[in-house]
Structures are given as structure tokens and as C-alpha cells.
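> Got a structure for you, written out below as C-alpha cells; questions coming shortly.
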Amino acid sequence: MVTPSNLAYWHGDDFSPLSLANEGSTTQYQYTLVVPADALLTLFDNLRALHQTDAIYAFSSGGYAFAWYYHLLPSHLEGSDLTSLMNGITGLQSTMNSLFGDLQSDTTNQSTSPYLSSLGLSGSVLGSNGQPGSLELLRDRVVVARIPAGVFTILIVLLILFFVSLNTALLVDRQREVIALLRSRGASSGQIFGALFLQSVILSLIALFIGIPLAVCATLLLAGHTLAGNELDALNVITAHPLQVMTGVMPYALLIILVALITMGLSLFSAARMDVLSLRRASARSTTRPFWQRFNLDLIAGVLALLGYGLSFYITSVGNVLQGDARTLIATPISIIAPFFLVLGCLLLFFRIFPVLLQWGVRLAERGRGAVSLLALAHVARSPRQALRMALLLALATAFTLFTFVYSATAGQHIPDIANYQTGADFSAHLLSPGSSFTLPQVISRYSTIPGVLSASAGYVGQGIGGHADLPMEIRAVDPASFGRTVVWPSQQAYSQAYPLLSELVSRRRLATTGDVVPAIVDQTTLHTLLLQVGSTFAVKVNNVSPQEMHCLIIGVVDHIPTVNSLTASVTTGGVLVDYQTYLDVFTQDVKGSQLKGVPVDPPLLNQVWLGTKSDTASLEG
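Laid out in C-alpha cells, this is it:
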């Protein structure tokens with residue numbers, strides 16, 4: 001017995017009779033049978049021998065079709081193998097189409113069977129007729145996703161390098177008194193520089209060989225307690241190839257060590273030239289301005305931040321001119337880099353006015369009775385360099401911690417939001433073999449019995465052209481009662497706005513059949529492009545349905561119809577939501593009126609299912 005749980009084993013075919021057409025009072029049906037391959041071939045051999053012919057030909061013009069199913073094993077693939085896998089499959093598909101695509105018209109090829117007409121490679125992962133396959137779509141999304149990931153990686157690496165260099169400089173500053181004392185007692189600057197720099201090199205090598213394995217272990221430990229149960233498979237990338245992972249992070253570790261050694265060398269070179277007298281002069285009052293203050297890096301960072309925000313706003317305002325991918329490729333890096341420069345500019349601007357704030361603090365402390373605060377503020381105000389560095393370390397540590405938490409929360413929420421927008425529900429499936437043997441309530445009831453399913457809905461999903469402007473349309477003919485509680489709405493307010501409209505679709509079923517119109521809910525794109533309003537009527541020509549024309553009466557407008565991905569379409573696309581039963585009744589009336597004209601009948605069969613499920617790991621794994 002075919003059930004929703006084993007439907008995938010039968011490749012989506014439930015072996016129900018399919019109604020092909022209505023000719024007068026005669027209904028034609030198509031049946032799918034399962035028979036042993038050996039028994040079928042034996043039958044053909046017996047028929048061939050009985051009729052003394054070379055072969056038994058099929059009734060259809062295409063002949064018999066033999067299919068072999070191949071499955072990809074994602075566990076054996078890595079992210080870097082995607083391009084080579086696509087190139088290999090595309091090359092194989094192109095070769096098979098070139099050599100065996102049309103053998104009937106090729107009389108020169110004698111190596112194949114004379115009864116073989118064509119041989120091809122197809123599937124959902126492969127593109128066909130100019131349409132991209134799932135692998136190509138995945139590659140495009142990976143390319144787009146790598147842009148913000150790459151920008152974030154660069155920002156994080158820069159922050160880490162700056163953090164390391166600042167810590168190294170602070171370490172040398174703490175040893176300046178010892179270095180000055182050694183210089184005063186006869187040690188040369190070269191001896192001091194060589195001894196301390198050699199110590200830094202040895203410590204860096206020890207940190208390199210010990211730190212990388214510890215980093216891998218810490219990653220496994222933290223990720224194991226942070227990730228959800230269904231996300232722990234991501235750790236297989238580390239546990240399956242630990243040596244490869246450690247080798248992969250080696251360049252980053254070497255870069256950090258290089259920056260630390262360069263900073264250490266520059267700091268030691270400056271410190272080794274100072275004796276006790278020069279150190280006391282430098283400690284008494286700072287006379288040198290910081291590097292960032294001499295070159296006005298705070299002003300430059302502020303200008304870059306404002307420029308980035310301006311470009312981001314401009315790209316967003318002209319978003320309809322640019323394609324979706326181009327808009328993402330340009331706007332995403334700018335929207336990420338601009339806040340970084342804004343924070344950097346504000347931080348450096350604060351450090352520019354920090355000495356002024358210290359002077360104000362000294363003046364306020366002079367009015368008090370205590371001497372401790374006055375002496376402390378006066379000492380810091382005379383040489384604020386050390387205090388600035390400590391404040392900078394604290395600010396960077398705080399900003400980096402907040403950035404990590406915000407980024408993790410944003411990324412964790414953004415992925416479900418994108419998935420919900422594209423699928424419109426927790427799970428969405430296209431019926432491979434749509435048929436009319438089951439009614440809409442029966443289909444919904446079958447999928448509602450699956451363990452873990454909270455609600456289910458089904459309907460017809462199609463495309464068409466609407467109005468006099470020939471606007472590309474996404475048609476959704478659904479069961480309003482189950483559709484509203486199954487799909488994912490953008491917000492609770494959107495659901496509250498759409499709920500009475502969905503109820504109105506059901507209440508207008510009887511009135512719609514008398515007027516030959518289908519009540520419809522449209523989105524804002526349809527309303528504005530076709531210059532319509534609530535109460536207007538317009539015609540939609542539905543593709544792959546005959547008769548095509550469907551007359552719609554607008555009863556309400558929503559900002560976005562779930563499952564209609566108008567933002568990801570390459571052209572402006574509208575959305576229309578109707579009641580499937582009403583559409584089917586009106587379609588039946590149109591068929592009765594068109595039979596006298598000899599119009600072929602191709603009904604809108606149920607072809608889509610949406611599921612609302614539990615979100616716990618046990619239910620999803622079950």
C-alpha cells in the first residue's frame with residue numbers, strides 16, 4: 001500500500017488512475033502498473049514469436065522508456081567538490097546528448113542497438129531547457145553567501161591582528177623600565193633586542209604547535225554544547241579530517257605570529273634606545289602624537305562610513321533597476337563594511353577628545369577635598385598613552401564580544417527566515433504525479449496523519465499572465481482554512497490581516513459559480529502594476545491549463561502571499577491567491593461551455609503540499 005511515508009520509494013507515484021480528458025460522456029483514464037521486468041520481457045518475446053515480427057512497438061510515439069535511478073551521497077562530498085561535481089555531471093550530460101540524443105535520425109552510428117531511439121541524463125539536480133538545476137542554484141547561493149562570510153572573516157582577522165599587536169606593544173611597555181636599567185648598566189641595544197626578540201620567537205613557535213590542536217579541541221567542545229542536536233553533523237568536517245583542518249588554519253596562525261613579531265621588533269627597537277633618563281622624560285609628559293591622530297584616521301573612517309551608507313541607500317532605492325544577484329553582490333559588502341568604519345571612526349574620535357575629558361576631570365577634582373582622585377587624574381592626563389591603550393583593549397574586547405553574539409543570533413535567525421520565505425511553510429513538496437483520484441480534503445487528511453505534522457494543506461501551484469499589462473503571475477489555488485494555519489506568515493499582523501480574507505474566500509463559493517468569477521486575494525505588486533483596487537475584476541491566463549482564462553474578483557490585498565517568492569524573481573511578478581474548490585467549480589462550468597467548441601480539457605490538478613510540523617529534534621528525525 002502506498003502511503004505518504006513510502007511515497008518517495010515509488011518516486012511520487014501513488015498508482016491512482018489519472019483522468020486525461022472528457023469527450024462527451026466518455027472519460028479516459030491512465031493507469032500505472034508495477035510488473036516484474038522478466039515477466040514483461042517474456043511477454044514481449046512471446047508476442048513477437050506469436051506474430052512473427054521483429055519487435056513489439058508501444059502505442060505511444062515515444063516507445064518504451066527505461067529509467068535507471070542514481071542517488072548522490074552528500075556525506076561523501078565536500079563544499080570544494082561542488083564545482084568539479086557539476087562540471088563532471090554537465091560534461092556527461094552533454095556527451096550523452098551529443099552521442100545518443102537522437103539515434104533515429106543518425107544512420108551512421110552502428111554501435112548501439114537498432115531499437116534504441118535516444119539516451120539521456122536528467123534529474124532535479126541537472127539543468128534542462130535553459131532552466132538551472134538544484135546544483136547550479138546551490139552553487140549560485142554559495143557564491144553569494146561567501147561574500148558576507150568573506151567580509152566578516154577579513155574584519156575578524158583584522159581585529160585579531162590589531163588586538164595581538166596592541167597586546168604585544170603593551171607587553172614591551174611594561175618592560176621599558178627593565179630595558180632602560182639594562183641600558184644604563186652597559187648592555188647594548190643590539191644585545192637587548194636580540195635576547196628579547198629571540199625569546200619572542202621561541203614562545204611564538206611553542207604557541208604555534210600547541211595552540212592549533214588546543215584551538216581544534218576548544219572548537220569541538222564549544223560547538224558540541226552550542227549547536228542543536230540536528231546540527232552536530234557539521235562537526236564531522238573537523239572530526240573526519242583533523243590533520244587537514246589543522247593544516248588549513250596554519251596560514252592564519254603564521255600571519256598572527258608574523259604580525260606579533262613585527263610589532264615586537266618595532267617596539268623593542270624603540271625601547272632599546274632609551275636609558276633611564278630618557279624614559280623618565282617620556283613618562284613625565286607625552287610629546288608624540290599617535291599614528292592614527294597624525295594621519296587623521298578617525299576623520300577618514302567617518303567619511304568612509306558615510307560614503308558606504310550613502311551607496312547602500314542609493315542601491316536600495318534603485319533596487320528595481322538592478323537584478324537580484326547584482327543588488328546582493330554590491331549592497332551586502334557595503335552594508336557590512338560601513339558599520340565597521342563607523343564604529344572605528346567613533347572610537348578614534350573618542351580617543352581624540354579623551355585627553356580633553358581628562359583635563360576637565362582634573363579641574364573638577366581640584367574643587368574636591370580629596371587628593372587621591374586629583375593625583376590619579378593628573379598623572380593620567382600628563383601621559384594618557386597607557387590609559388588610551390587599556391581603554392582601547394577594553395573597547396575592542398567588548399565590541400568583539402557583542403559582535404559575536406549579534407552575528408550568531410542574526411545568522412541563526414536569517415537562515416530560517418530565508419527558508420520560510422522560499423518554501424512558505426516548514427516543509428513544501430511538489431507532487432510528482434498529480435492526479436484527480438483524491439479530493440482536496442482526502443489529500444490533506446493523508447498528510448495530516450504523518451507523525452510530527454501539526455497541520456497540512458494542499459493546492460494547485462501554477463504560473464500565468466494577468467491583466468492587460470501581461471504581468472507574470474504566480475497562482476495559488478488552495479484550501480483557505482488549512483492554508484492560513486499551515487504556511488508561515490511574515491508577522492502576526494500579516495496573519496491577522498489575511499485571516500478574514502481567507503474566510504471570505506470560503507463564504508463566496510456559492511456566489512462565485514453564478515457569476516463565473518473567482519474571488520481572489522492579490523499582493524501589492526499586482527494591485528499597483530495592473531492599476532486595480534478592491535472590487536476590480538481582471539483576467540488571468542493560467543499556463544498548462546485548458547481552458548486557460550480565469551476571471552478574478554479582488555476581495556482583499558496583502559503585502560506578501562506566502563509561497564510566492566516575488567522578491568527573488570528576475571522580473572516583476574504578481575501573486576494571486578484563490579480558493580481551489582471555487583476555481584475548480586468555475587473551471588468545470590467553463591469546460592461545459594467550451595466542449596461544443598472542441599476545446600481540449602486540461603484541468604488544474606493538485607500538485608503541491610505544505611506541511612506545518614513540530615520543531616523538536618525527535619519529531620524531525622522521526
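Counting in our numbering, the sequence shown runs from 1 upward without gaps. Note that the Cβ used here is the ideal one computed from N, Cα and C, for glycine as well.
#1: Does the stretch 337-344 come close enough to the stretch 293-309 that 3 or more CB-CB pairs lie under 8 Å?
#2: Which class does HIS51 belong to by DSSP, given the choice of helix, strand or coil?
#3: Is the number of C-beta pairs between the stretch 175-183 and the stretch 350-363 that are closer than 8 Å three or more?
#4: Which value, in whole angstroms, describes the spacing of the CA atoms of GLY535 and VAL144?
#5: Go ahead and pull the three-state DSSP assignment for LEU596.
#6: Between the Cα of ALA494 and the Cα atoms of ALA520, ALA512, ILE561 and CYS346, which residue gives the shortest distance?
#7: Using three-state DSSP, classify GLU78 as helix, strand or coil.
#8: Mind checking whether GLY361 and ALA381 have CB atoms under 9 Å apart?
#9: Suppose the cutoff is 8 Å on Cβ atoms and the five residues either side in sequence are ignored; what does the same chain contact list for LEU329 look like?
#10: Please report the distance separating the alpha-carbon of VAL609 from that of PHE427.
#11: Give me the Cα-Cα distance between ALA271 and ALA371, rounded to the nearest whole angstrom.
#12: Kindly give me the distance between the Cβ atoms of GLY466 and TYR580, rounded to whole angstroms, as I take these residues to be in contact under 8 Å.
#13: Considering only residues of the same chain and omitting the five flanking positions on each side of THR219, which have a CB-CB separation below 6 Å?
#14: Can you give the Cα-Cα distance for VAL142 and ALA419, rounded to whole angstroms?
#15: Which one of VAL157, GLU504, VAL558 and ALA39 has the shortest CA to CA distance from LEU255?
#16: If I measure Cβ to Cβ from LEU527 and keep anything under 6 Å in the same chain, skipping five residues before and after, which residues do I get?
#17: Under the rule that 16 or more other beta-carbon atoms within 10 Å means buried, what is ASP590, buried or exposed?
#18: Could you tell me the distance, in whole angstroms, from the CA atom of HIS414 to the CA atom of ALA215?
#19: Closest by CA to THR582, which one among LEU396, ALA331, SER188 and ALA512?
#20: For VAL542 versus ARG476, is the C-beta distance shorter than 9 Å?
#21: Could I get the ranges of all uninterrupted alpha helix (DSSP H) runs contained in the stretch 436-518, with 4 residues as the minimum, in chain order?
#22: Among ALA180, LEU348 and THR226, whose alpha-carbon lies nearest the alpha-carbon of PHE405?
#23: Less than 7 Å between C-beta atoms, sequence neighbours within five positions excluded: which residues of the same chain meet that for LEU119?
#24: Going by Cα to Cα distance, which pick from TYR9, ASP585, ILE555 and GLY224 is closest to SER498?
#25: Return helix, strand or coil for TYR421, following the three-state DSSP convention.
#26: Less than 9 Å separating the beta-carbons of MET250 and ILE212?
#27: Bridge partners for THR613 per DSSP, in chain order?
#28: Which of helix, strand or coil does DSSP assign to ILE336?
#29: Report back the beta-carbon spacing between LEU261 and VAL201 to the nearest angstrom; my notes put them in contact at under 8 Å.
#30: Measuring alpha carbon to alpha carbon, tell me which residue in TYR69, SER496 and THR332 is nearest LEU311.
#31: Less than 9 Å separating the beta-carbons of LEU531 and ILE521?
#32: Can you have a look at ILE206 and say buried or exposed, based on whether 16 or more other CB atoms are within 10 angstroms of its CB?
#33: DSSP three-state label for MET274, please.
#34: Taking only runs that begin and end inside the stretch 520-562, name each unbroken alpha helix (DSSP H) of 4 or more residues, in chain order.
#35: Is the beta carbon of THR613 sitting closer than 9 Å to the one on GLY412?
#36: Along the chain, where does the alpha helix (DSSP H) that runs through SER428 open and close?
This is what the structure gives:
#1: yes
#2: helix
#3: no
#4: 42 Å
#5: Confidence at LEU596 is low in this model, with a pLDDT of 49, below 50, so its placement is unreliable and the value that follows should be read with caution. Three-state result, LEU596: helix.
#6: ILE561
#7: coil
#8: yes
#9: VAL144 and ILE147
#10: 8 Å
#11: 33 Å
#12: Actually they are not in contact, since the Cβ atoms of GLY466 and TYR580 sit about 18 Å apart, beyond 8 Å.
#13: none
#14: 15 Å
#15: VAL157
#16: VAL557
#17: buried
#18: 27 Å
#19: ALA512
#20: no
#21: 440-448, 480-486, 492-507 and 509-515
#22: THR226
#23: MET96 and PHE100
#24: For clarity, residue 498 is Ala in the given sequence; the question names Ser instead. When only C-alpha atoms are compared, the closest one is ILE555.
#25: helix
#26: yes
#27: VAL453
#28: helix
#29: 7 Å
#30: THR332
#31: no
#32: exposed
#33: coil
#34: 524-529
#35: no
#36: No alpha helix (DSSP H) contains SER428, which is instead part of the beta strand (DSSP E) from 427-430.
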